[in-house]
Amino acid sequence: MTTNTNNNTTTPASAPKFPEQVTGMYILAESLRRLGLMDVYGLVGIPVTEAAFAMQKVGINYYGFRFEQQAGMAAATHGYLTKQPGVLLTVSSLGFMNGLTATANATVNCYPMIQISGASDPTMVDMDMGTYEQLDQLNTARPLVKAAFRCSYAKDIPAAVARAYRAAVSGRPGGVYIDMTTPALGEVMDAADAEKLFYNPVDVASPVAPTTEAVERAVEILTSAKRPAVLLGKGAAYAQVDDKIRTLIETYKIPYLSMSMAKGLMPDAGPYSALSCRSTIMEQADAVVVIGARINWMLSFGRGKWNPDVKFIQLDVEPTEIDRNVPVAAPVVGDMGQSLDMMLAAMKGKTMSADPQWLASLQAESKVKNAKFADRLAKAAPQMPMTHWTALSVVKPILEANPDLILINEGANTLDDTRDSVDMSLPRHRVDCASWSIMGMGMGSCVGAAVATKKSVVAIEGDSAFGFSGMDFATICRYKLPVTVVVFNNGGIYNGIGVNPSGGSAPAPTTLDINAQYNLIGEAFGAKGYRVSDPESLRAALTEAIASKAPALIDVQLGADSGKESGHIGYLNPTPLIDYTV
Numbered sequence: 017m018t019t020n021t022n023n024n025t026t027t028p029a030s031a032p033k034f035p036e037q038v039t040g041m042y043i044l045a046e047s048l049r050r051l052g053l054m055d056v057y058g059l060v061g062i063p064v065t066e067a068a069f070a071m072q073k074v075g076i077n078y079y080g081f082r083f084e085q086q087a088g089m090a091a092a093t094h095g096y097l098t099k100q101p102g103v104l105l106t107v108s109s110l111g112f113m114n115g116l117t118a119t120a121n122a123t124v125n126c127y128p129m130i131q132i133s134g135a136s137d138p139t140m141v142d143m144d145m146g147t148y149e150q151l152d153q154l155n156t157a158r159p160l161v162k163a164a165f166r167c168s169y170a171k172d173i174p175a176a177v178a179r180a181y182r183a184a185v186s187g188r189p190g191g192v193y194i195d196m197t198t199p200a201l202g203e204v205m206d207a208a209d210a211e212k213l214f215y216n217p218v219d220v221a222s223p224v225a226p227t228t229e230a231v232e233r234a235v236e237i238l239t240s241a242k243r244p245a246v247l248l249g250k251g252a253a254y255a256q257v258d259d260k261i262r263t264l265i266e267t268y269k270i271p272y273l274s275m276s277m278a279k280g281l282m283p284d285a286g287p288y289s290a291l292s293c294r295s296t297i298m299e300q301a302d303a304v305v306v307i308g309a310r311i312n313w314m315l316s317f318g319r320g321k322w323n324p325d326v327k328f329i330q331l332d333v334e335p336t337e338i339d340r341n342v343p344v345a346a347p348v349v350g351d352m353g354q355s356l357d358m359m360l361a362a363m364k365g366k367t368m369s370a371d372p373q374w375l376a377s378l379q380a381e382s383k384v385k386n387a388k389f390a391d392r393l394a395k396a397a398p399q400m401p402m403t404h405w406t407a408l409s410v411v412k413p414i415l416e417a418n419p420d421l422i423l424i425n426e427g428a429n430t431l432d433d434t435r436d437s438v439d440m441s442l443p444r445h446r447v448d449c450a451s452w453s454i455m456g457m458g459m460g461s462c463v464g465a466a467v468a469t470k471k472s473v474v475a476i477e478g479d480s481a482f483g484f485s486g487m488d489f490a491t492i493c494r495y496k497l498p499v500t501v502v503v504f505n506n507g508g509i510y511n512g513i514g515v516n517p518s519g520g521s522a523p524a525p526t527t528l529d530i531n532a533q534y535n536l537i538g539e540a541f542g543a544k545g546y547r548v549s550d551p552e553s554l555r556a557a558l559t560e561a562i563a564s565k566a567p568a569l570i571d572v573q574l575g576a577d578s579g580k581e582s583g584h585i586g587y588l589n590p591t592p593l594i595d596y597t598v
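Just so you know, we're using the working numbering here: the sequence shown kicks off at 17 and counts up by one.
In structure tokens:
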């Protein structure tokens, strides 16, 4: 007699089933949703693909990119414009490192951002077992971010996301990294147990007030100054304390300078604007209120060109920024809003000691210099082939007539000349390469700005700059965002006239392609493409593209000799002993 051994009388355990059970991927999505982080930028693959689907399932808007760095630039721009962390999702190893470049840039520029990257099992990484995409991502990221966390278990995810949010926005904002390991993402929990893990963090960005003594010292220096000025940085724009800054400047009639991304915080063409008198302010001001700006290379480190007797009053949230390159006479360390409130309160009833000729002389100087600049644009307007200035003589009035557009700007000459030409009148409507002065933020920032603000965006890009991120124009098209990209094509890095010093046939290091048709990239992805080579065609194309509120790409053909090496910062290059044609 044969015994049947295949009869299994044991009831198998039931397989995990949603919604009774959830994975770490779903817990991650819920953690973001419950903190109000409803936009995520990324590029999926092992092990985060299903995490992105889970995000969409819970109602999060996921924006898929072609390159992790550009997804990170979108997240960083989102953070800058909203004061809420932008979120980046990447795969492990090289995808993580591609994204980390943007997160490091966000940290340097003080943008709140959270990078979440899939990661290999850390126990295998620690034993150097050669596992899939093995890399100690946590320790790679740590020196470049404000804070870093690792989730080895699903139960860690809600706390990690909440702590990352707090770290990104509190004090001086910056980038935060979460190492989201494959075991944590794949772990299954009962939904009821997972629910107990979620919480709403309290006071994620608690404002800290400066001391009364610090405020009184600052007010005494400012009200005693004969030639006072205010210098506005992007930190002032980020803080969204526009009314308080306006009250300080307009009540006490103090001339102001705006750094690039602070343009529009106060109108560039306003009656107290000294934008055209930067050198005069540096050489003659005896007291300068620095609001949300760092006294770094962009401000000659507070030395050299500056009046040696100038007294800096510096408002900053970060104590270590004080005295960084030059002694600060009156540091006011604390929340920007509270600092300005306390200064305004302390100034009530006080009289400024400013020389009445100071403001008048700056206004007169501005009038003369602005007229010269307008004449320069007018003379460039008919030039053929077009130069940067010819193109900007068309672009400037169109953008200024549409002040609520967000302007994204990068390049060398294209960056410098556009910044100098286009007056901004609204805060946080200009985004550029900021403190590191890098290239490669264009298309990502276009997406982040369009998503974060729900406004139309115009990018003015050099052809070299566009090359760093151009493939993600496809992302703009896929999500049908109201973005117009204008590429100033002079056929090279700086210009297209570089000469190979060996006499060989290979292009010079700075040479690209003057005959490139960048408009065809737009058409390849379904956008309207324009190729223009004269001012009237550019005017018609840009006007039509903005009005369409749809993706558009305009190739603006410039002369190859338009532009100079490194734009306005050529002095940073080492001096060669050989004459090169660049």
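All C-beta atoms, glycine included, are put in the ideal place defined by N, C-alpha and C.
Model, not experiment: these values are computed from the prediction.
Inter-residue Cα distance where the pair is residue i and residue j
i: Ser-108; j: Pro-217; result: 28 Å
i: Leu-273; j: Val-503; result: 29 Å
i: Gly-52; j: Asn-323; result: 47 Å
i: Met-400; j: Gly-575; result: 8 Å
i: Gly-483; j: Pro-398; result: 28 Å
i: Thr-25; j: Gly-88; result: In this prediction, Thr-25 has a pLDDT of 49, which is less than 50 and means its spatial position is unreliable; what the coordinates show is noted afterwards. The alpha-carbon atoms of Thr-25 and Gly-88 are separated by roughly 55 Å.
i: Ala-8; j: Thr-147; result: Outside the shown range of the chain, which is 17 to 598, sits residue 8, and nothing can be said about it.
i: Glu-581; j: Cys-449; result: 18 Å
i: Lys-171; j: Ala-361; result: 48 Å
i: Thr-106; j: Asp-595; result: 45 Å
i: Asn-535; j: Ala-387; result: 35 Å
i: Asp-433; j: His-584; result: 9 Å
i: Gln-86; j: Val-204; result: 32 Å
i: Thr-65; j: Glu-36; result: 22 Å
i: Gly-353; j: Val-598; result: 47 Å
i: Leu-59; j: Tyr-268; result: 50 Å
i: Met-459; j: Ala-183; result: 27 Å
i: Met-129; j: Ile-492; result: 21 Å
i: Lys-33; j: Phe-489; result: 39 Å
i: Tyr-215; j: Pro-174; result: 8 Å
i: Pro-335; j: Gly-190; result: 15 Å
Close-in-space but distant-in-sequence residues of the same chain around residue i (CB under 6 Å, 5 per side omitted)
i: Met-71; result: Ala-45, Val-56, Tyr-78
i: Gly-249; result: Met-275, Ala-278, Gly-308, Ala-309
i: Pro-271; result: Ala-245, Tyr-288, Ala-290, Leu-375, Leu-378
i: Gly-111; result: Glu-84
i: Asn-114; result: Glu-84, Gln-85
i: Ser-30; result: none
i: Lys-327; result: Ile-237, Ala-303, Ala-345
Top-ranked residue by Cα proximity to residue i, from the options
i: Ala-118; options: Ser-451, Phe-69, Pro-174, Leu-247; result: Ser-451
i: Asp-332; options: Leu-116, Cys-126, Thr-591; result: Cys-126
i: Ala-633; options: Pro-32, Pro-592, Ser-355, Lys-99; result: What the structure shows of the chain is the stretch from 17 to 598, and residue 633 is not part of that stretch, so it cannot be assessed.
i: Val-257; options: Ala-362, Ala-417, Gly-280; result: Gly-280
i: Ala-164; options: Leu-116, Met-145, Met-205; result: Leu-116
i: Leu-497; options: Leu-528, Ser-518, Asp-529, Gly-464; result: Gly-464
i: Lys-162; options: Ile-173, Gln-150, Arg-179, Asn-506; result: Arg-179
i: Leu-431; options: Ser-480, Gln-330, Phe-69, Asn-312; result: Ser-480
i: Tyr-546; options: Glu-84, Ala-208, Leu-569; result: Leu-569
i: Ser-485; options: Ser-461, Val-467, Asn-506; result: Ser-461
i: Glu-552; options: Val-572, Ala-563, Ile-562; result: Val-572
i: Leu-97; options: Gly-456, Thr-500, Val-447, Asp-488; result: Val-447
i: Ala-90; options: Asn-531, Met-457, Glu-211; result: Met-457
i: Met-41; options: Ala-468, Glu-149, Val-177; result: Val-177
Start and end residues, alpha helix (DSSP H) containing residue i
i: Phe-69; result: 65-73
i: Asp-391; result: 372-396
i: Glu-229; result: 228-240
Contact set for residue i: own chain, Cβ-Cβ below 8 Å, skip 5 residues either direction
i: Asp-357; result: Lys-260
i: Arg-555; result: Val-410, Ile-414
i: Arg-494; result: Gly-80, Phe-541
i: Thr-559; result: Ile-414
i: Ile-76; result: Ala-45, Leu-48, Arg-49, Leu-53, Met-54, Asp-55, Val-56
i: Thr-21; result: With a pLDDT of 46 at Thr-21, under the threshold of 50, the modelled position of this residue cannot be trusted; read the value that follows with caution. Excluding sequence neighbours, Thr-21 sits near nothing in its chain.
Close-in-space but distant-in-sequence residues of the same chain around residue i (CB under 7 Å, 5 per side omitted)
i: Asn-121; result: Ala-92, Trp-452, Ile-454
i: Asp-152; result: Val-141
i: Ala-557; result: Tyr-546, Val-548, Ile-570
Element boundaries [beta strand (DSSP E), containing residue i]
i: Thr-500; result: 499-505
i: Tyr-78; result: 77-80
i: Tyr-57; result: 55-58
i: Asp-571; result: 568-573
i: Met-205; result: 204-206
Check your understanding: Between the stretch 361-375 and the stretch 536-544, are three or more C-beta pairs nearer than 8 Å?
Key -> Touching, no.
Review point. For the 8 Å Cβ check, are there 3 or more pairs between the stretch 227-247 and the stretch 338-348?
Key: Put simply, the stretch 227-247 touches the stretch 338-348. At least three CB pairs are less than 8 Å apart.
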